[in-house]
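What follows is a short report on a single structure.
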Amino acid sequence: MSTTPVYFAGIDIGSTASKTVVLKDGKIEDYFVLPTGWNGRETANAILEQLKTRGYADAMRCVATGYGRICVDYADKIVTEITCHGKGGWAIFKKNMTIIDVGGQDTKMIKVIDGQVADFLMNDKCAAGTGKFIEVMATRLGADLNEMYEMAAHGQPLAISAMCTVFAESEVISHIGSGEKREDIAAGVIHSVASRVANLAARFGLEENIVLTGGLCESPYFIQTLSDKIGHPVETDAFARYAGALGAALTAAKRRDLE
Amino acid sequence: MLNLPANFETYAEARKAGFMKMKEIKDNGGRIVGVYCSFVPQELLMAAGAAAAPLCASSDEPIPAAETKLPRNLCPLIKASYGFALTDTCPYFYFSDFIVGETTCDGKRKMFELMNELKETYVMQLPHSRDEAALRSWTGEVIRLKEKLEDFYHITITEDQIRDAIRLKNHERRAMLGFLELGKLNPAPISGYEMGTRLDGLGFNFDLEERIAIIEERTKEVLADWEANYKGKENSRPRLLITGCPNSGVRDKIIKTVEELGADVVAFDCCNGTREKVEPVDENMPIYDALAKKYLNINCSVMSPNNSRMQYIDEMIDEYQVDGVIEIILQACHTYNIESHYVKQTVTNKGKSYLMIETDYSQADKGQILTRLEAFLETLEK
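Taken in order, these protein sequences are the chains called G and Y. Letter by letter, the first sequence follows residues 1 to 259 of this note's numbering. Letter by letter, the second sequence follows residues 1001 to 1382 of this note's numbering.
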């Protein structure tokens, strides 16, 4: 882009959803989310189309992050989701904290001290304890994610003890087969993920402030369950889903905080 | 700093060149003993006139074969060692007269029983602590290995032969250490990828005098290049220390990748690094006591407690001006995995960053490792 950038875009291509945040003069000008689909490059192009339509693309500096960050070939810089979640989390919550990001592909714990990532831990070898687990089970129960959270909130959690998503799916199928209520199965699934995340958090060691970012922060039932399992309140924010994209946009603008 | 010299010999090339040398030794009626681990006192093999063949253990090719007999959830190094032997695809194993194993972990200890069915595998019983009783028992094991070599080859090993071997091996240790200590220079004069590859590759050269000459020559060359081209220059690349399990099987996946991402790997606290090189064999002590003392002091995580490793890492961070530490844990290596708790403590207490990567020899986690390494370097960019 030849003109001086006025707009600073952060693009977070997650495994399930792709989030974009645009900053202008240190304030959030715009944000939107698109499903990632199977082709990261097509998603990146769809985002670029949006940025053009909304009139940002001609005077824009752009940073890409997330699992599909290398697909954004028009990005000026690529930064990992760890750093971006740390920066975005700092701008939203403005305090030292441990960020828990339950993503569609992995679960991350990020310790943020004075606006910088001090330490991080990733569970990325196994779907248990990630959003993927909930997605797989929701499909099995014939529900979308929002229906899944809704059902879970009205259920009594059934025990799902298998550690592996593939085996846990069989366990869920046998629950279905024995006529258990969908609500109870859904609650069991959410509890299972919350337990795994709480274990990972205990291993990582937590700061006094614990915040949740990523797609699951839109489920109050999950946040409550996770708080109970950790034994400490977990905060979130309506904008927390966009923390990674916001961190990328702040990086593009070379800023630490919003105005 | 990933400029490899034009005549750089890859690990695979060095390993292949070693095959021919080994065949030559064998054709001329020479003796060859296969070894896996730095705890085996090579001075005794040298005194017996035997070459120490570094057995293959760092590729995932033979792992499916190994898993027909061994559990899947086992260290890849152990599975590869056994898999190469089982599929008869390691020429070093093939040419070895017998194998010397050691009890550095439970997995190896039991695997050697299975390996013994393929070729005679003699196991040194390594104690897992460093007190008086342990030292006495290990001294006995050192003498027992000497006797084993005498029995096997129908020879007598003299004290003079052992003393000569100690002197030569100490010289070689010094030369290797001198090469690895190039990493103390700032900016880094040589890539960590090259250092590690060369060191492992030289293990396939069975002429120690030649080994010493090659590494001393390369050290001189690198130093001259540094004086001329790098000395006094600004350097913004973070300097990393690699610690943990042997890394030959994951060197490309981790060390090469992190250097390509913009860091310099300058220090190695591992079996294929300075760990075995820092302490020479005392040339003035009675020979078996001297050998036992030196080898028992290797900072392997099988030792409990293993405080000397923490102290060594602490010193290395200062001496090599390290910004961050990456610990490589091979999957299912319980001792290093558990000990990583203390390593992290040691590193973070010094205000440095620490990253632990648990992995195996497969390429399955290449993408995830890339993300972690990138994120780790971003945290160092303060």
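Just so you know, even glycine gets a beta-carbon here, dropped at the ideal spot from N, CA and C.
CA-to-CA distance, residue j to residue i, given in whole angstroms
{"i": "residue 260 (chain G)", "j": "residue 241 (chain G)", "result": "Residue 260 (chain G) falls outside the range modelled here, since chain G spans only 1 to 259, and no answer is possible."}
{"i": "residue 1057 (chain Y)", "j": "residue 1108 (chain Y)", "result": "12 Å"}
{"i": "residue 92 (chain G)", "j": "residue 134 (chain G)", "result": "26 Å"}
{"i": "residue 188 (chain G)", "j": "residue 181 (chain G)", "result": "11 Å"}
{"i": "residue 64 (chain G)", "j": "residue 81 (chain G)", "result": "9 Å"}
{"i": "residue 1306 (chain Y)", "j": "residue 1299 (chain Y)", "result": "7 Å"}
{"i": "residue 1263 (chain Y)", "j": "residue 1185 (chain Y)", "result": "15 Å"}
{"i": "residue 174 (chain G)", "j": "residue 145 (chain G)", "result": "21 Å"}
{"i": "residue 156 (chain G)", "j": "residue 231 (chain G)", "result": "20 Å"}
{"i": "residue 42 (chain G)", "j": "residue 208 (chain G)", "result": "41 Å"}
{"i": "residue 1308 (chain Y)", "j": "residue 1367 (chain Y)", "result": "35 Å"}
{"i": "residue 245 (chain G)", "j": "residue 1237 (chain Y)", "result": "27 Å"}
{"i": "residue 1194 (chain Y)", "j": "residue 215 (chain G)", "result": "43 Å"}
{"i": "residue 18 (chain G)", "j": "residue 34 (chain G)", "result": "5 Å"}
{"i": "residue 112 (chain G)", "j": "residue 1279 (chain Y)", "result": "40 Å"}
{"i": "residue 83 (chain G)", "j": "residue 1217 (chain Y)", "result": "43 Å"}
{"i": "residue 254 (chain G)", "j": "residue 1318 (chain Y)", "result": "32 Å"}
{"i": "residue 1 (chain G)", "j": "residue 22 (chain G)", "result": "Residue placement at residue 1 (chain G) cannot be trusted, given a pLDDT of 48 that sits under 50; what the coordinates show is reported in the next sentence. Cα to Cα, the separation comes out at about 16 Å."}
{"i": "residue 1259 (chain Y)", "j": "residue 1252 (chain Y)", "result": "10 Å"}
{"i": "residue 1207 (chain Y)", "j": "residue 167 (chain G)", "result": "54 Å"}
{"i": "residue 1166 (chain Y)", "j": "residue 1074 (chain Y)", "result": "35 Å"}
{"i": "residue 1131 (chain Y)", "j": "residue 1110 (chain Y)", "result": "25 Å"}
{"i": "residue 104 (chain G)", "j": "residue 1320 (chain Y)", "result": "40 Å"}
{"i": "residue 131 (chain G)", "j": "residue 148 (chain G)", "result": "12 Å"}
{"i": "residue 1125 (chain Y)", "j": "residue 1138 (chain Y)", "result": "8 Å"}
{"i": "residue 39 (chain G)", "j": "residue 13 (chain G)", "result": "11 Å"}
{"i": "residue 119 (chain G)", "j": "residue 110 (chain G)", "result": "6 Å"}
{"i": "residue 1183 (chain Y)", "j": "residue 1381 (chain Y)", "result": "21 Å"}
Proximity winner among the options, relative to residue i (alpha-carbon distances)
{"i": "residue 1076 (chain Y)", "options": "Y:1298, Y:1255 and Y:1249", "result": "Y:1249"}
{"i": "residue 77 (chain G)", "options": "G:87, G:248 and G:257", "result": "G:248"}
{"i": "residue 310 (chain G)", "options": "G:255, G:49 and G:7", "result": "Examination of residue 310 (chain G) is not possible in this model, given that chain G is present from 1 through 259 alone."}
{"i": "residue 1303 (chain Y)", "options": "Y:1332, Y:1331 and Y:1338", "result": "Y:1338"}
{"i": "residue 66 (chain G)", "options": "G:159, G:259, G:94 and G:243", "result": "G:243"}
{"i": "residue 117 (chain G)", "options": "G:106, G:89 and G:202", "result": "G:89"}
{"i": "residue 1288 (chain Y)", "options": "Y:1142, Y:1114 and Y:1130", "result": "Y:1142"}
{"i": "residue 62 (chain G)", "options": "G:258, G:250, G:259 and G:257", "result": "G:250"}
{"i": "residue 973 (chain Y)", "options": "Y:1328, Y:1036, Y:1355 and Y:1271", "result": "What the structure shows of chain Y is the stretch from 1001 to 1382, and residue 973 (chain Y) is not part of that stretch, so it cannot be assessed."}
{"i": "residue 11 (chain G)", "options": "G:121, G:213 and G:252", "result": "G:252"}
{"i": "residue 989 (chain Y)", "options": "Y:1155, Y:1081 and Y:1129", "result": "Examination of residue 989 (chain Y) is not possible in this model, given that chain Y is present from 1001 through 1382 alone."}
{"i": "residue 1025 (chain Y)", "options": "Y:1010, Y:1040, Y:1055 and Y:1092", "result": "Y:1092"}
{"i": "residue 1007 (chain Y)", "options": "Y:1126, Y:1221, Y:1316 and Y:1023", "result": "Y:1221"}
{"i": "residue 1054 (chain Y)", "options": "Y:1060, Y:1062, Y:1045 and Y:1061", "result": "Y:1045"}
{"i": "residue 1358 (chain Y)", "options": "Y:1346, Y:1375, Y:1340 and Y:1310", "result": "Y:1340"}
{"i": "residue 186 (chain G)", "options": "G:196, G:119 and G:160", "result": "G:160"}
{"i": "residue 1127 (chain Y)", "options": "Y:1257, Y:1114, Y:1023 and Y:1105", "result": "Y:1105"}
Contacts that residue i makes with chain G (C-beta to C-beta distance below 7 Å)
{"i": "residue 1371 (chain Y)", "result": "80"}
{"i": "residue 1375 (chain Y)", "result": "80, 82, 83 and 120"}
Test: residue i CB closer than 9 Å to a CB of chain A
{"i": "residue 1354 (chain Y)", "result": "You won't find chain A in this structure, because its protein chains are G and Y."}
Interface partners of residue i on chain G, CB under 8 Å
{"i": "residue 1378 (chain Y)", "result": "79, 80, 82, 83 and 117"}
Beta-carbon gap between residue i and residue j smaller than 9 Å
{"i": "residue 1364 (chain Y)", "j": "residue 1322 (chain Y)", "result": "no"}
{"i": "residue 1123 (chain Y)", "j": "residue 1033 (chain Y)", "result": "no"}
{"i": "residue 1014 (chain Y)", "j": "residue 1202 (chain Y)", "result": "yes"}
{"i": "residue 152 (chain G)", "j": "residue 222 (chain G)", "result": "yes"}
{"i": "residue 1030 (chain Y)", "j": "residue 1018 (chain Y)", "result": "no"}
{"i": "residue 1230 (chain Y)", "j": "residue 1286 (chain Y)", "result": "no"}
{"i": "residue 137 (chain G)", "j": "residue 172 (chain G)", "result": "yes"}
{"i": "residue 139 (chain G)", "j": "residue 200 (chain G)", "result": "no"}
{"i": "residue 1078 (chain Y)", "j": "residue 1070 (chain Y)", "result": "yes"}
{"i": "residue 1362 (chain Y)", "j": "residue 1333 (chain Y)", "result": "no"}
{"i": "residue 954 (chain Y)", "j": "residue 1329 (chain Y)", "result": "Not covered by the structure: residue 954 (chain Y). The range shown for chain Y is 1001 to 1382."}
{"i": "residue 1346 (chain Y)", "j": "residue 1313 (chain Y)", "result": "yes"}
> What are the start and end residues of each continuous beta strand (DSSP E) run of 3 or more residues lying completely inside the region 1100-1129 of chain Y, in chain order?
Replying inline: Listed in chain order, the beta strand (DSSP E) elements of length 3 or more contained wholly in the region 1100-1129 of chain Y are 1121-1124.
> Where are the beta strand (DSSP E) runs, 3 residues long or more, that stay fully inside the region 83-108 of chain G, in chain order?
Replying inline: Listed in chain order, the beta strand (DSSP E) runs fully inside the region 83-108 of chain G are 97-102, counting runs of at least 3 residues.
>> If we require 4 or more residues per run, which alpha helix (DSSP H) segments fall completely within the region 1281-1350 of chain Y?
In response: Taking only runs of at least 4 residues, the alpha helix (DSSP H) segments lying wholly in the region 1281-1350 of chain Y are 1287-1296, 1307-1319 and 1334-1349.
>> Extract the residue ranges of the alpha helix (DSSP H) inside the region 149-201 of chain G, only unbroken runs of 4 or more that lie entirely within it.
In response: Counting whole runs of 4 or more residues, the region 149-201 of chain G contains the alpha helix (DSSP H) stretches 165-177.
> In the region 1136-1217 of chain Y, which residue ranges form an unbroken beta strand (DSSP E) of at least 3 residues, counting only runs that do not cross its ends?
Replying inline: Runs found: none.
>> Just to confirm the assignment: which complete alpha helix (DSSP H) runs, minimum length 4, are found wholly within the region 1035-1093 of chain Y?
In response: Inside the region 1035-1093 of chain Y, DSSP marks whole alpha helix (DSSP H) runs of 4 or more residues at positions 1042-1047, 1063-1066 and 1076-1086, from first to last along the chain.
>> Quick check for students: name the residue ranges of the alpha helix (DSSP H) that lie wholly in the region 1004-1031 of chain Y, counting only runs of 4 or more.
In response: Runs of the alpha helix (DSSP H) inside the region 1004-1031 of chain Y: 1011-1027.
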